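Below is one structure, written out as structure tokens; comments come after it.
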Amino acid sequence: MINQVVILVGGLGTRLANLAKKTPKPLLKINNIPFLDYLIKYYTNYGFKKIVLLTKYKHYIFHKKYHNKIINFSKIKCIQEKTFLGTSGSLKKVINKLDKKFIFCNGDTFFNINLFAFFKQLKHNHIGILACSEIQSQDKRYTYFNVNNKKLISSGVYLFNKKKIKKYLIDKGSLENDVLHKLPKNQFKKISFKKKFIDIGTPGDYQKAKKFLLNINKKKCAFLDRDGVINYDYGYVHKKENFVFKKNVIKAIKLLNRKNYHVIVISNQSGIGRGYYKEKDVIHLHGWINKKLNFYGANIDKFYYSPYFAYSKNKKYRIRSVLRKPNIGLFQKAFNEFNIIKKGSFFIGDKETDRITAKNFKIKHFNVDNDTDLYNFIEKKLNL
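Counted from 1, the sequence shown has number 10 at position 7 by our numbering; the numbering is strictly sequential.
If you want it as structure tokens, here you go:
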């Protein structure tokens, strides 16, 4: 698992002229939110536990706002550079403090790719990999590569093997201009994505970023029941030893990720209220499920569950809750937290309660059974 991302935020932002005179470029607000906050949310959604900000220009602003803060379960650390060293020099200066594998990226660029699919491209003999766009609008400030008759444009998002990249770094200079061409071609790969990235390096792109980021996480949602849809329902499943993925479920979730759907689990877990297992058992199981999915390049955005049971011995689980299906409280929580397009979203379940819940929330419902191949089902039903 990759747990660390290193973000360069120390640049002067000279191309932005007066826009970045008082405020460092990564902290310029887009739709009233600092650009860096979009990046932090993006990376923390992928489960990164450690974020390192390499600061220089107006470093004290970053330190006050982020240093040693915990955001979405990720701890942020600011490291100040004394002089401008370039991307290679900046990385070399901190390399000994970093994890064995880490993401390295610019604080003024957003490339909304599936990071788990990106991680899978790093092989044991690789020094690193670089995420590139094959459809980005051309600009002289970008770095280009010709790969298999395609012109790829660097997004500046790297995944490095610390031990292998360390010996190639120089004290002062650019990764892309001074280091990459020295790396053995079979040990450094450019990974192509059919997506555009946005950077805020010029006034024009800064303005474009407003629309880009407003819609970046606005997606349809695939809501999935858990037991009976994702895994075989053996009754109050709460241990990984009893959790068995149903046919082609991982492949189906990966397809939904690739087609730009939020994937969210909505599940009644009355076994907690009944005293069959503890809430922490469910949390640990959900973490394990996503770890398995992540290994194959798939991801569930969030698990929502209702622990309530009317006759629970524990008072806090006995209340009559709007979160328990067929009530729509869990759906409403998801809509409040994620930027979901309701039209076109759907709920896949295996019980009548699920159908009623979907009807109450006014989204489409699909029913599956034990023999359903979820990948084929989704592919045909949604024409994906």
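Glycine included, each C-beta is placed from N, C-alpha and C at the ideal position.
For clarity, every value in this text was computed on a predicted model and none was experimentally measured.
* Option nearest Gln83 by Cα separation, candidates Asp102, Lys32, Leu11 -> Nearest option by C-alpha distance: Leu11.
* **C-beta contact flag for Ile269 and Ala301 at 8 Å** => In this structure, Ile269 sits away from Ala301, with a CB-CB distance that is not shorter than 8 Å.
* At which residues does the alpha helix (DSSP H) containing Leu377 begin and terminate? -> Looking at the DSSP string, the run of the alpha helix (DSSP H) that includes Leu377 is 377-384.
* Can you tell me whether Thr86 is buried or exposed, with buried defined as 16 or more other CB within 10 angstroms of its CB? -> Residue environment for Thr86: exposed (fewer than 16 other C-beta atoms within 10 angstroms of its C-beta).
* Pick out whichever of Gly290, Lys221, Asp353 has its Cα sitting closest to the Cα of His241. => Of the candidates Gly290, Lys221, Asp353, the one whose C-alpha sits nearest the C-alpha of His241 is Gly290.
* Around the C-beta of Thr90, are 16 or more other C-beta atoms found within 10 angstroms, so that it is buried, or is it exposed? -> The residue in question, Thr90, is buried, as its Cβ has 16 or more Cβ neighbours within 10 Å.
* Asked: Can you list the alpha helix (DSSP H) stretches of 4 or more residues lying completely in the segment 267-343, in chain order?
  -> Listed in chain order, they are 273-276, 282-298, 332-340.
* **Simplified DSSP state of Lys185, which is helix, strand or coil** => Lys185 falls in the helix class under three-state DSSP.
* Asked: Would DSSP call Gly89 helix, strand or coil?
  -> Helix, per DSSP.
* List the DSSP bridge partners of Gly131. => For Gly131, which the question treats as bridged, DSSP gives the partners Phe163, Phe191.
* To do: Could you check if Arg144 is buried or exposed, using at least 16 other CB atoms within 10 Å of its CB as the buried criterion?
  => Counting Cβ neighbours within 10 Å, Arg144 comes out exposed, since fewer than 16 surround it.
* Asked: Are the CB atoms of Phe113 and Ser77 nearer to each other than 8 Å?
  -> Annotated as distal: Phe113 and Ser77, with beta-carbon spacing of 8 Å or more.
* To do: Just tell me which of Lys28, Leu227, Ile331 has its CA closest to the CA of His62.
  => Ranking Lys28, Leu227, Ile331 by Cα distance to His62 puts Lys28 first.
* Asked: Hey, out of Tyr299, Asp174, Asp202, Ala313, whose CA is closest to Phe122's CA?
  -> From the listed residues Tyr299, Asp174, Asp202, Ala313, the smallest Cα separation to Phe122 is found for Tyr299.
* To do: State the Cα-Cα distance for the pair Asn149 and Gln141, rounded to the nearest angstrom.
  => Each residue's alpha carbon lies about 13 Å from the other.
* **Pairwise C-alpha distance: Thr146 and Thr17** => Approximately 19 Å between the Cα atoms of the pair.
* Residue range of the beta strand (DSSP E) that Asn1 falls in? -> Residue 1 is absent from the model: the chain starts at 4 and stops at 387.
* **Spatial distance of Val325 from Gln272 (CA atoms)** => Cα to Cα, Val325 sits roughly 14 Å from Gln272.
* Asked: What do you reckon, are the CB atoms on Lys198 and Ile116 nearer than 8 Å?
  -> With respect to Ile116, Lys198 sits close: the two C-beta atoms are nearer than 8 Å.
* To do: Answer yes or no: the CB of Ile322 versus the heavy atoms of the ligand GDP, is any distance below 7 Å?
  => Absence of the ligand GDP from the depicted structure is noted, as is the absence of any ligand whatsoever, leaving it without description.
* **Whole-angstrom distance between Gly347 and Leu178, CA atom to CA atom** => Taking the straight line from one Cα to the other gives about 43 Å.
* Consult DSSP for Leu30 and reduce its assignment to one of helix, strand or coil. => Assigned with DSSP and collapsed to three states, Leu30 falls in helix.
* Proximity of Asn34 and Leu217 at Cβ, strictly below 8 Å -> In this structure, Leu217 lies closer than 8 Å to Asn34 by Cβ.
* **Tyr147 - DSSP class collapsed to helix/strand/coil** => Secondary structure at Tyr147: strand, using DSSP grouped into helix, strand and coil.
* To do: Note down the Cα distance separating Ala313 from Gly276, rounded to an integer number of angstroms.
  => Whole-angstrom Cα-Cα distance: 8 Å.
* To do: Below 8 Å CB to CB, which residues in the same chain sit around Val97 once its five sequence neighbours on both sides are set aside?
  => Within the same chain, and ignoring the five residues on either side of Val97 in sequence, the residues whose Cβ sits closer than 8 Å to its Cβ are Val9, Val55, Leu57, Ile82.
* To do: Compute the beta-carbon to beta-carbon distance between Lys328 and Asp357, rounded to the nearest angstrom, for a pair I have assumed lies under 8 Å.
  => About 7 Å separates the Cβ atoms of Lys328 and Asp357, confirming a contact at the 8 Å cut-off.
* Asked: Is Gly352 near Val232, with beta carbons less than 8 Å apart?
  -> Taking a C-beta distance under 8 Å as the contact criterion, Gly352 and Val232 qualify as a contact pair.
* Skipping 5 residues on each side, what residues in its chain have a beta carbon closer than 7 Å to that of Lys336? -> The residues are Tyr307.
* To do: State the DSSP-derived secondary structure class of Lys345, mapped to helix, strand or coil.
  => Lys345: strand per DSSP, three-state reduction.
* Asked: Buried or exposed: where does Pro310 fall if 16 or more other Cβ atoms within 10 Å of its Cβ makes it buried?
  -> Flag for Pro310 reads buried.
* Span separating the alpha-carbon of Tyr264 from that of Lys222 -> Roughly 6 Å between the two C-alpha positions.
* Find the nearest neighbour of Ser93 within the set Thr26, Gly14, Glu137, judged by alpha-carbon distance. => Answer by Cα proximity: Gly14.
* Bridge partners of Lys221, per DSSP? -> Under the DSSP definition of a beta bridge, Lys221 lacks any partner.
* Which residue comes first and which comes last in the beta strand (DSSP E) that contains Lys250? -> Counting along the chain, Lys250 falls outside any beta strand (DSSP E), and DSSP gives it neither H nor E.
* Counting only the same chain and skipping the five closest in sequence on each side, list residues whose C-beta sits under 7 Å from that of Leu101. => Only residues of its own chain outside the window of five on either side were considered, and among them Gln7, Val9, Lys165 have a CB closer than 7 Å to the CB of Leu101, listed in chain order.
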